[in-house]
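*Asks:* I have a structure here, written as structure tokens, and I will follow up with some questions on it.
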Amino acid sequence: MDIDEINTITVLGAGNMGHGIAEVAALAGYTVVLRDINEEFVQNGYDQIEWSLGKLAEKEQISEEKADETLDRITPVVPVKEAVAGADVVIEAVPEVMGIKKEVYAELEEHAPERTIFATNTSSLSITELSEVTDRPAQFCGMHFFNPPIRMPLVEVISGEHSSDETLDTIEALASEMDKTPVRVHKDSPGFIVNRILVPLMNEAAWIVEDGSATVAEVDSTTKFDMGLPMGSFELADQVGIDVGYHVLDYMHDVLGDAYRPCPLLESKVDAEELGKKTGSGFYDYE
Ligand code: CAA
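Per our numbering, numbering through the sequence shown is continuous, rising by one, with the last residue being 289.
The structure is reproduced here in structure tokens:
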């Protein structure tokens, strides 16, 4: 499919990433369907988009009119069949668990039109393995946004073993249409480029606290004031979701080996459901 043939984009998953991607797609002028597994989740995602567009308008980054038009282009939907019926591209942003994603793709394959491209926003999982659940592995690739999608300019466009050049070119062009800077990742390996670098940084920061060498605030101040990153490692973990970072690490550990063993401090936060900003507390409190 050529970029000019793309009109409707379905985003699966209305969580942190899903609703942000839906917002970015609608701002670029696409008709967007936002889907999640129940009314509450999908409405919550829609409400966050409304809030975000309001903020952008308040700061005069977009006009009130553009905010209203953008919101009007987004339809929240629950049934998968209805959500994908008119989709030219599906961008999947459901939880970072292989089993869940595979179930979603099996269902998608049943209902999506033949022309539809499947693009996964996975942070680390094998694009090839996911694509093999479908009958269209050539029309399948990674399209990995960063949190928060509205602010982060990068999109990794990742080739699975079966992805066609046409699919990769179209998704790369789509990222550009969304005013993002795509970078092509040629090999489907855990964590791709960014998370292969960033998630071990978060893990190592956690090990420093775990072994008592420094506190969370002390580690974060070095990340910000020496390395010049916009956020400390723990602030970033809270922003991304500690569970998301943990799942990425766990998968990298399984596939790439012991260097990526998740620090127990991260695991304890996941067990306590203190996942960062989205739950109101993580390494810092947000209430
Ligand atoms: N929409 C609109 N406005 C929003 C918003 C949204 N979604 N989210 C926050 N804001 C608003 C806030 O309410 C706040 O508004 P007020 O000023 O009115 O209070 C304002 O934006 C904060 O924005 P600033 O520009 O002042 O904040 P900042 O300069 O600190 O930038 C940031 C924020 C862009 C997140 C910056 O800190 C940053 O770049 N951090 C690093 C993020 C990063 O690395 N992300 C990638 C993580 S890795 C990943 O995502 C991949 C993965 O697979 C795990």
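All C-beta atoms in this analysis are idealised placements derived from N, C-alpha and C, irrespective of residue type, glycine included.
Can the beta-carbon of P78 be found less than 7 Å from the beta-carbon of Y48?
*Replies:* Here residue 78 is taken as the residue at index 76 of the sequence shown, counted from 1. Here residue 48 is taken as the residue at index 46 of the sequence shown, counted from 1. Result yes, Cβ atoms of P78 and Y48 sit closer than 7 Å.
*Asks:* Taking 6 Å as the cut-off, is the beta-carbon of R138 closer than that to any non-hydrogen atom of ligand 1?
*Replies:* In the sequence shown, counting from the first residue as 1, residue 138 sits at position 136. Checking every heavy atom of ligand 1 against the Cβ of R138, none is found closer than 6 Å.
*Asks:* Answer with buried or exposed for L11, where buried requires no fewer than 16 other C-beta atoms within 10 angstroms of its C-beta.
*Replies:* Here residue 11 corresponds to residue number 9 of the sequence shown, with the count starting at 1. According to the sequence as given, residue 11 is Ile; it is not Leu. Label assigned to I11: buried.
*Asks:* Could you check what DSSP says for R186 in three-state terms: helix, strand or coil?
*Replies:* Looking up residue 186 in the sequence shown gives position 184. The answer is strand: DSSP assigns R186 an E or B state.
*Asks:* Work out the CA separation of S270 and S126 for me, nearest whole Å.
*Replies:* By one-based count along the sequence shown, residue 126 stands at place 124. By one-based count along the sequence shown, residue 270 stands at place 268. Computed Cα separation, rounded: 21 Å.
*Asks:* Is the beta carbon of S125 within less than 6 Å of some heavy atom of ligand 1?
*Replies:* Within the sequence shown, the letter at position 123 stands for residue 125. S125: yes, Cβ under 6 Å from ligand 1.
*Asks:* For the alpha helix (DSSP H) containing I8, name the first residue and the last one.
*Replies:* Your numbering for residue 8 matches position 6 in the sequence shown. I8 -> no alpha helix (DSSP H), and no H or E assigned at all.
*Asks:* If you drop the 5 nearest sequence neighbours on each side, which residues of the same chain put their C-beta closer than 8 Å to that of H164?
*Replies:* Residue numbering aside, residue 164 sits at position 162 when the sequence shown is read from its first letter. The answer, listed in chain order, is T130, S133, E134, P139, A140, F142.
*Asks:* Just how far apart, CA to CA, sit V257 and P264?
*Replies:* For the purposes of this step, residue 257 is taken as the residue at position 255 of the sequence shown. For the purposes of this step, residue 264 is taken as the residue at position 262 of the sequence shown. Their Cα atoms are separated by approximately 13 Å.
*Asks:* Is it the case that the Cβ atoms of S235 and A274 are separated by a distance below 7 Å?
*Replies:* One-based indexing of the sequence shown puts residue 235 at position 233. One-based indexing of the sequence shown puts residue 274 at position 272. Not a contact, by the Cβ cut-off of 7 Å.
*Asks:* Sorry if obvious, but does the Cβ on S54 come closer than 6 Å to a heavy atom of ligand 1?
*Replies:* Taking the sequence shown and counting its residues from 1, the one referred to as residue 54 is at position 52. At least one heavy atom of ligand 1 is nearer than 6 Å to the Cβ of S54, so yes.
*Asks:* Could you tell me which of E158, T136, V96 sits nearest to P115, measuring between CA atoms?
*Replies:* Indexing the sequence shown from 1 puts residue 115 at position 113. Nearest C-alpha to P115: T136.
*Asks:* Per the DSSP calculation, M145 is bridged to which residue(s)?
*Replies:* Indexing the sequence shown from 1 puts residue 145 at position 143. Its beta-bridge partners are V159.
*Asks:* Taking the continuous beta strand (DSSP E) assigned at E94, which residues delimit it?
*Replies:* Numbered from its first residue, the sequence shown carries residue 94 at position 92. Note, E94: beta strand (DSSP E), 91-94.
*Asks:* Is it the case that the CB of R153 approaches a heavy atom of ligand 1 more closely than 6 Å?
*Replies:* Translated into positions along the sequence shown, residue 153 becomes position 151. Yes, Cβ of R153 sits closer than 6 Å to a heavy atom of ligand 1.
*Asks:* Using three-state DSSP, classify R198 as helix, strand or coil.
*Replies:* Walking along the sequence shown from the start, residue 198 turns up at place 196. Helix at R198.
*Asks:* What separation, rounded to the nearest whole angstrom, lies between the Cα atoms of N123 and S215?
*Replies:* Working through the sequence shown from its first residue, we reach residue 123 at position 121. Working through the sequence shown from its first residue, we reach residue 215 at position 213. Using only the alpha carbons, I get a separation of about 35 Å.
*Asks:* Taking the alpha carbon of R198 as the point to measure from, which residue in P150, E105, G259, E220 has its own alpha carbon closest?
*Replies:* Translated into the one-based positions of the sequence shown, residue 198 becomes position 196. When only C-alpha atoms are compared, the closest one is G259.
*Asks:* Strictly by DSSP, which residues pair up with I119?
*Replies:* As a position in the sequence shown, residue 119 is number 117, starting the count at 1. Answer is V91, bridged to I119.
*Asks:* Answer yes or no: do M154 and G193 have a C-beta to C-beta separation smaller than 7 Å?
*Replies:* Counting from one through the sequence shown, the residue named residue 154 turns up at place 152. Counting from one through the sequence shown, the residue named residue 193 turns up at place 191. It is not a contact, given that the beta carbons lie outside the stated cut-off.
*Asks:* Quick check on DSSP: helix, strand or coil for L29?
*Replies:* Along the sequence shown, one-based indexing puts residue 29 at 27. L29 falls in the helix class under three-state DSSP.
*Asks:* Nearest-angstrom Cα distance between K162 and K189?
*Replies:* For the purposes of this step, residue 162 is taken as residue 160 along the sequence shown, with counting starting at 1. For the purposes of this step, residue 189 is taken as residue 187 along the sequence shown, with counting starting at 1. What sits at residue 162 in the sequence shown is Gly, not Lys. About 7 Å.
*Asks:* How long is the line joining the alpha carbons of D74 and G88, rounded to whole angstroms?
*Replies:* As a working mapping, residue 74 is identified with position 72 in the sequence shown. As a working mapping, residue 88 is identified with position 86 in the sequence shown. Roughly 17 Å separates the two Cα atoms.
*Asks:* Using 10 angstroms around the beta-carbon of E66, count the other beta-carbons present and answer buried if the total reaches 16, otherwise exposed.
*Replies:* What you label residue 66 is simply residue 64 of the sequence shown in a count that begins at 1. Exposed, because fewer than 16 other Cβ atoms sit within 10 Å of the Cβ of E66.
*Asks:* Using the Cα positions of P266 and I64, report the straight-line distance between them to the nearest angstrom.
*Replies:* Within the sequence shown, the letter at position 264 stands for residue 266. Within the sequence shown, the letter at position 62 stands for residue 64. Using only the alpha carbons, I get a separation of about 43 Å.
*Asks:* Under 6 Å from any heavy atom of ligand 1, does the C-beta of N205 make it?
*Replies:* The residue you call residue 205 lines up with position 203 of the sequence shown. Because no heavy atom of ligand 1 lies under 6 Å away, the Cβ of N205 does not count as near it: no.
*Asks:* Please look up how many angstroms separate the CB atoms of A121 and M100, rounded, as I've assumed it's under 8 Å.
*Replies:* Indexing the sequence shown from 1 puts residue 121 at position 119. Indexing the sequence shown from 1 puts residue 100 at position 98. Going by Cβ atoms, the distance from A121 to M100 rounds to 17 Å, so no, they are not a contact pair.
*Asks:* Measuring only from the beta carbon, is V221 closer than 6 Å to any heavy atom that is part of ligand 1?
*Replies:* Position 219 of the sequence shown, counting from 1, holds the residue named residue 221. V221 Cβ: outside cutoff for every heavy atom of ligand 1.
*Asks:* At a cut of 8 Å, does the region 9-24 reach the region 34-44 through at least three beta carbon pairs?
*Replies:* Result yes; three or more Cβ-Cβ pairs closer than 8 Å.
*Asks:* Please tell me whether, using a cut-off of 6 Å, the distance from the CB of K83 to the nearest non-hydrogen atom of ligand 1 is below it.
*Replies:* Here residue 83 is taken as the residue at index 81 of the sequence shown, counted from 1. No, ligand 1 has no heavy atom inside 6 Å of this Cβ.
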